[in-house]
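I have placed the structure first, in the form of structure tokens, so that the comments after it can refer back to it.
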Amino acid sequence: MERIKFTINDRKQVWNSDPKCTGKKSCKDQFGRMIKEDHYNRRSQYGWTIDHVIPIARDGTNDLSNLQPLHWQSNLDKNDSPHFSKRI
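Numbering (full-length UniProt numbering), first residue to last: 1 to 88.
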């Protein structure tokens, strides 16, 4: 499976797929880092990216059920581990 470029619509769907973020402009990712919906990128302390819960490198998919909003630093820390459990 290849990584894909996510559209603005994809970003909105992923953001709203997380119960902690649905209907909110900001929330904490699964590791406790604050993210803001309109800060999608790595250029902000509140920036976030779309993370593959099960990484593509480990046979994960691009299905919405395998995607989550994650602070960019959390995503870097997680790398390709599906079991990353560091809590902030």
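Using N, Cα and C, we set each Cβ at its ideal position, and we do this for glycine too.
Within the same chain, Cβ atoms closer than 6 Å to the Cβ of D29 are found at I35, L70, H71 and S74, the five residues on either side in sequence being excluded. Per DSSP, the unbroken beta strand (DSSP E) holding Q68 starts and ends at L67 to H71.
Non-local beta-carbon contacts of W15 in its own chain, meaning distances under 7 Å to residues more than five positions away in sequence, involve C21, E37 and P69 in chain order.
As computed with DSSP, C27 is found in a beta bridge with I35. Residue state for D51 is assigned as strand, using DSSP reduced to three classes. Between Y46 and R33, the alpha-carbon positions lie close to 8 Å from each other. Rounded to whole angstroms, D63 and T7 show a C-alpha spacing of 14 Å.
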